[in-house]
């Protein structure tokens, strides 16, 4: 019995043990799960505790939770086992770092989205502990540091987005080894650098790759072509270089390809046409060259095509018309030429068409009228030369239309008024003529209307007053006349109104005062009259420009409280009133010019409170009183010009505080007292003019501290004492030093010789004594000198300015001597037999010259004519002393010199001929004495005819009286009915024409060419303005400009020079060289200095072009000429100019174009040209390749 129960008992015991074990096992598993879940919760809570201001968003993150589980917490999703599989805290305003989050406690995490927060610090390397991650989005935070290599351990990752952070460093190739499942990689908008690793080609499942907006350089790896599943590739806005690899053509599933804003070069690969599914192709803002392949027209899925801002050339292929799905086409800012293909009209889905800033020409195709969905049409900055097609008026969806900066002609079509959605209309910088159509007033959505720089005439239509949304209205530089319509008062949203340089007249309507939003008003250079309206009543106006009109009456009272003003240009009107009452305090004002008006009253001390002023100009008014010392508070002031008024009292010493000042002009007032020593503190001063006052006392030696001075004028005062030797330390003094008409005494300090840049020195009308320092010969830039009316004596310095100066520059001194006209030669004695004989001879010469009898005499060469064995000795007037140096005028043995010339030229054999002008040939003569001279022998006359003594005497008279470093020097002459010639200095390089024509042109670089033009300008300025009466050359050409061995230029050939007298009619036969003659001579025959100015303009262009401008001259007045690029006319034999050289070239060509104006009265004077060429160098405003004649013609010369 007992034995039977034993197995059953054992079985029961076994079952009980098994049940107990299972119970204990379940409890252990539950406990383990509980502890694992609790570990996740604790990790999350610990991270929450590290975040700033997280309680509001993560309020639910707290314990105790159900069994400690976080599954019900905000942003947490668990799997079936209650483990955290997803964290989504996107856009929860989290601030803090990721480091405190223990990723090893989250082994089941599959998705992590923390995007759009403010997380900072590095991406923790322990993130790889969540090795099951498939989706990781940390975008739009502030994460920094490098990409952690541990990310490569996320072998299941499919989507990785860390865009829009501040990650730096290079992208390691090791990252791509294990990411075989990756489909989306977004690292854009960071600060990554280095190169794109070629290993990126291993990501075979990648469909989206965004690396744009980083600092990644190097080339695009060809291995990208392995990513056959790729649909979107964004590499734009980096520093990628090199060419687009042709392997890109393998990405046949690609939908978007964006490579814009890099440094990519080369051409567009032909393989790109394989991308038939491409909807967006963005290659803009690179350096891609070559042409646009016609095959792009086969990519019919394209919706957006951007090739803008590259170096593309060639034509727009007509096949682009096949892209009927295209909505945006950007080809702007390239070098595309040819015409706009009419097939563009087939692209009926087009919304944006931007072709601006190319070289397109021809006409605007009428087929553009088919683009009824087009909202933006930009064709500006090309060379399109047609009229505006009427079909544009039917493009009813247009919002922005820009046709500016072309060569458009004809009228503005009236049907443009149908474009009622248009907000922007730019037609400026064309040659559009006619009137502004009334229908423009129908475009009531218009916000920006710019019609400036055309040839528009007629009146402003009153219908423009209907454009109540208008904020910008630019009509400047046209020929519009009449009054401003009253309806302008309706334009209450107008912010900028520019009517500059038209022919407007009459008064401005008072309704202008309604334009309370107006910030910019430019009325300069018109014929407006009457009072200025009460503008700026609500304080919006920043720029008020109404100069060069006929406005009269008092300034509007509304200006007194217009504290927004920044610039005021009201000069050259007839405005009146007391300036102490109409102006207030202007905290933003930087520039004010009220010059040349009729203002009176005194300068208010409150001007010292406008602390941002840089320019203060009140010259040529009727202002009285004293200069307020408060002006010294204007620490930003660059220019102070209150000249030509009735100011009195002393110059306030407070002006010495204006340390930014470069121009101080107080001249032509009634100022008295001493010149303040404090002016020496103005270490940036370049122009100082205190002339024509009643200043007294010595010139302060502290002036030497003004080391940047270029012009110093203290003339016409009562200054006394000696000239401070410290002035010699002003090494930049270049324009003028004028101390004339004072009471200065003592000797001229030798230290002035250090002024090596000085061009004009005037010490006349003082009481200076002693001699002129011989060291003045070192003043190599000196062009003009006047020391008359002093007590000076002794020899003149060996300096061209002294030797070339007119007699009046030395009159009324004690005993100056030298080899110049009107002065006694130095070292002469009255007891010398030869000197007595010389004096007698000179007296005879002078008498004969005055009675006009003696041009048959010889000055340097005794007429010793030999012709085929016959020798005629002609009477000479030379010294009896033989074997003297030829190069002292009137001082040679004429017979020997004549024989030397005949021998040296072998009786004027053609092999010694070095040039030929209109009146004769020029020969090179190597004289037996070793000297080399140029001999100009006049053409022999026909039998029975006499040589043209008028032209011969004219050249002699001109050359003898003229003394200038840039005018050829005459040594002697011979005049006889059978043989007449001139002897003058030999210029080694010959004529400018010869140099430009032959190989020497390469040596004549851009700086030397600019110097040649400057030299000719200085010489002509001297002839026109420093000679009394003035001279006109009348035959200026490159054949008559001679160059020495250093390429220094001198004017020669005065065979047609005409001596002008003020009351002369100046009628004569037409003289000059074809191609250089001013056009007005063809019908007026009236010779003026402006004829030389025109010839100078031709010459200046010839120097820059390397050849005569030819047909270019006749085309300058046409529209085509204005579009000519400066770079296209430059002498191609020279390298392109550097930036500094281009400034010289721009200045030279701009002045040349001004000189070539068809209206003589509009041409500048040669004095003005000479000054501009000497001082102006900052006219370069555009990139070299973009400068056109239009830019140069628009410059103020």
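Numbering (mature numbering (1 follows the signal peptide of the UniProt record, and there is no 0)), first residue to last: -30 to -1, 1 to 1167. Ideal Cβ placement from N, Cα and C applies to all residues, glycine included. Small disclaimer: the values here were computed from a predicted structure and weren't measured.
Cβ pair residue i, residue j closer than 7 angstroms
| i | j | result |
| --- | --- | --- |
| residue 224 | residue 197 | no |
| residue 270 | residue 255 | no |
| residue 652 | residue 684 | no |
| residue 1105 | residue 1050 | no |
| residue 635 | residue 613 | yes |
| residue 606 | residue 582 | yes |
| residue 1065 | residue 1046 | yes |
| residue 1169 | residue 756 | The requested residue 1169 does not occur in the structure, where the chain is confined to residues -30 to 1167. |
| residue 1020 | residue 936 | yes |
| residue 236 | residue 209 | no |
| residue 717 | residue 699 | no |
| residue 468 | residue 446 | yes |
| residue 16 | residue 24 | no |
| residue 53 | residue 47 | no |
| residue 431 | residue 406 | yes |
| residue 68 | residue 94 | yes |
CA-to-CA distance, residue j to residue i, given in whole angstroms
| i | j | result |
| --- | --- | --- |
| residue 778 | residue 982 | 29 angstroms |
| residue 584 | residue 625 | 14 angstroms |
| residue 459 | residue 483 | 7 angstroms |
| residue 518 | residue 334 | 39 angstroms |
| residue 603 | residue 443 | 38 angstroms |
| residue 561 | residue 357 | 41 angstroms |
| residue 89 | residue 113 | 6 angstroms |
| residue 516 | residue 350 | 30 angstroms |
| residue 962 | residue 956 | 14 angstroms |
| residue 220 | residue 297 | 25 angstroms |
| residue 398 | residue 423 | 6 angstroms |
| residue 65 | residue 238 | 46 angstroms |
| residue 1162 | residue 119 | 59 angstroms |
| residue 970 | residue 1076 | 11 angstroms |
| residue 479 | residue 259 | 54 angstroms |
| residue 440 | residue 370 | 14 angstroms |
Burial state of residue i, where buried means 16 or more other Cβ atoms lie within 10 Å
| i | result |
| --- | --- |
| residue 174 | exposed |
| residue 29 | exposed |
| residue 906 | buried |
| residue 182 | buried |
| residue 846 | For residue 846, the predicted structure reports a pLDDT of 34, less than 50, and the residue's modelled location is therefore unreliable. A value from the coordinates is still provided. When all chains shown are included, residue 846 counts as buried. |
| residue 1044 | exposed |
| residue 664 | exposed |
| residue 565 | buried |
| residue 438 | exposed |
| residue 616 | exposed |
| residue 973 | exposed |
| residue 470 | buried |
| residue 790 | buried |
| residue 968 | exposed |
Cross-strand partners of residue i (DSSP beta bridge)
| i | result |
| --- | --- |
| residue 792 | According to DSSP, which records beta bridges pairwise, residue 792 is partnered with nothing at all. |
| residue 620 | 642 |
| residue 539 | 515, 563 |
| residue 883 | 893 |
| residue 490 | 466, 513 |
| residue 635 | 611, 659 |
| residue 451 | 473 |
Task: Length at least 3, wholly inside the region 377 to 436: the beta strand (DSSP E) runs in chain order - done: 394 to 396, 418 to 420, all fully within the region 377 to 436.
Open item on the list: List, from N- to C-terminal side, the alpha helix (DSSP H) runs of 4 residues or more that fit wholly inside the region 1039 to 1085.
Closed with: Runs of the alpha helix (DSSP H) inside the region 1039 to 1085: 1059 to 1075, 1081 to 1085.
TODO: Kindly provide the ranges of any beta strand (DSSP E) runs that are 3 or more residues long and lie completely inside the region 240 to 325, ordered along the chain.
DONE: 250 to 252, 274 to 276, 298 to 300, 322 to 324
Open item on the list: Going residue by residue through the region 667 to 706, where are the continuous beta strand (DSSP E) segments of at least 3 residues, counting only ones entirely within it?
Closed with: 681 to 683, 688 to 691
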